[in-house]
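Mapping of the sequence shown onto this note's numbering: residues 271 to 582, in sequence order. Glycine residues also receive a C-beta, built at the ideal position from the N, C-alpha and C atoms.
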Amino acid sequence: MSEKATASTRRPECLSMTGYAQARAEQDGWAARISVKSVNHRFLDLKLRMPEGFDLYELRLRQIVRERIHRGHVEVTVGVEPGKAAPVRVNKDLVQSYLKAAEALRQETRAATDMDVVALLRLPGVITGVTIVVPDTEAEQETLGRVLDAGLREALLKLDDMRRAEGKHLVEELRDRLARIGGHVDQVRGLAATLRPAFARRLETRLKELLGGVGIDPARLAQEAALLAERSDISEELDRLRSHLQQFAKLLDGAGELGKKLDFLLQEMHREANTMLSKTPGVESEALAITGVALEIKSEIEKLREQVQNIE
């Protein structure tokens, strides 16, 4: 099978917004180490940390990130190793202090010890920093730019692997919760079918109390019970909730920026659950049972919303 055909039959994948990766690239003596860290955020919030003076590469690196990541708080840290010898700062005052201390110790212990310059340079604080400067020529600047590009692209590929693995795990959890909500919807639908007889019994009891035992017209009683049941009918809410569940599952089979779409559906599902609760009053066991299951549905929806916040 061709690569194109394989790609067309591959199942789309959901990406998490959480991940970390780093990579190193080298060319013509220049080297770059780049790390990328991402966490969830409503929009793309990109922070780029680079050595001082290397701002000319910022726009091209930001563009590379935007091509691969669309949502999330992303931190990119860039380290550059010079392609040629760079000036080294030596704290000479500190070196003199080390030498005086060594000489005093030598005289006190009468030890015959030669001073090693390399060992001196290794002492804490002696070397205060390596100055990394931007290349002088446009050709060298472009060479370093390609090194930075390559390092960033490799880091983003590794980040995608981690985000993809986390996204796969998230989708599995989301599907499990969808299945639980679907089961609750079926349970509520079955309980709702028993509400009309329950309303009739409650209405008859109340009327007898009010009328002091006077006979009640069965037809009128049935009519009033039907009106009460109609006001408490939640079949439309259940139908819409089932439709939202199907749309949610369908989106999980797709690709691209899913997080915002899934979050919108969850808002609609939450609204339907609230409406079910408000339309199911009463103390009948059937009504109380529906209320309990509807609360379970709301709880599962809230958990879904928490998980969806981490999907790009």
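Margin query: So, with DSSP's three-state summary, where would you put Lys-549?
Written below: coil
Check: Span of the beta strand (DSSP E) holding Gly-616?
Finding: One cannot answer for residue 616 here, as it falls past the ends of the chain, which runs 271 to 582.
Margin query: Considering only their Cβ atoms, is the gap separating Ile-402 from Val-346 smaller than 8 Å?
Written below: no
Checklist line | Cβ-Cβ distance between Glu-436 and Gly-323 below 8 Å | finding: no
Item checked: Cβ-based neighbour list, Ala-275, same chain, cut-off 7 Å, excluding 5 preceding and 5 following -> Note that Ala-275 has pLDDT 42, beneath the 50 cutoff, so the model's placement of it is unreliable and no number is given.
Margin query: Restricting to Cα atoms, I'd like to know which of Pro-321, Gln-579, Trp-300 is closest to Ala-409.
Written below: Trp-300
Margin query: So, at 6 Å on beta carbons, what are the nonlocal neighbours of Asp-431 in its own chain, with the 5 sequence-adjacent residues on each side left out?
Written below: none
Checklist line | Arg-359, DSSP secondary structure in three states | finding: strand
Checklist line | Val-417 vs Glu-283 beta-carbon contact at 8 Å | finding: no
Next item on the list: Starting from the C-beta of Asp-315, find all residues in its chain whose C-beta is less than 6 Å away, skip the five residues before and the five after it, and write them out in chain order.
Entry: His-343
Checklist line | Three-state class that DSSP yields for Ile-339 in the structure shown | finding: coil
Notebook entry, point to check: Whose CA, out of Arg-294, Asp-503, Val-404, Asn-580, lies closest to the CA of Thr-542?
Noted result: Checking the sequence, you will find Glu at residue 542 rather than Thr. It is Asp-503 whose Cα lies nearest to the Cα of Glu-542.
Check: Taking contact to mean at least 3 C-beta pairs separated by less than 8 Å, is the stretch 557-573 in contact with the stretch 369-382?
Finding: no
Notebook entry, point to check: Looking only at its own chain, which residues have a Cβ that is under 6 Å from the Cβ of Val-563, when we skip the five neighbours before and after it?
Noted result: His-454, Gln-457, Val-458
Next item on the list: Consult DSSP for Ala-372 and reduce its assignment to one of helix, strand or coil.
Entry: helix
Notebook entry, point to check: Gly-349 CB to nearest chain D CB: under 8 Å?
Noted result: Any reference to chain D falls outside this structure, which holds one protein chain only.
Check: So, helix, strand or coil for Gly-228, using DSSP?
Finding: The question about residue 228 has no answer, for the chain in this structure spans 271 to 582.
Item checked: Where Ile-402 sits in the DSSP three-state scheme -> coil
Checklist line | Cα-Cα separation between Leu-522 and Met-539, rounded to whole angstroms | finding: 16 Å
Checklist line | Selected residue, minimal CA-CA separation from Asp-533, among Asn-580, Glu-337, Ala-389, Thr-550 | finding: Asn-580
Item checked: 8 Å Cβ cutoff met for Leu-444 and Val-306 -> no
Note to self: As a quick exercise: from Gly-421, Asp-406, Asp-386, pick the residue whose alpha carbon is nearest that of Ala-293.
What the structure shows: Gly-421
Notebook entry, point to check: Should Val-350 and Ala-302 be called a contact, given that it needs their Cβ atoms to be closer than 8 Å?
Noted result: yes
Notebook entry, point to check: Looking only at its own chain, which residues have a Cβ that is under 6 Å from the Cβ of Met-546, when we skip the five neighbours before and after it?
Noted result: Ile-504, Glu-507, Ala-564
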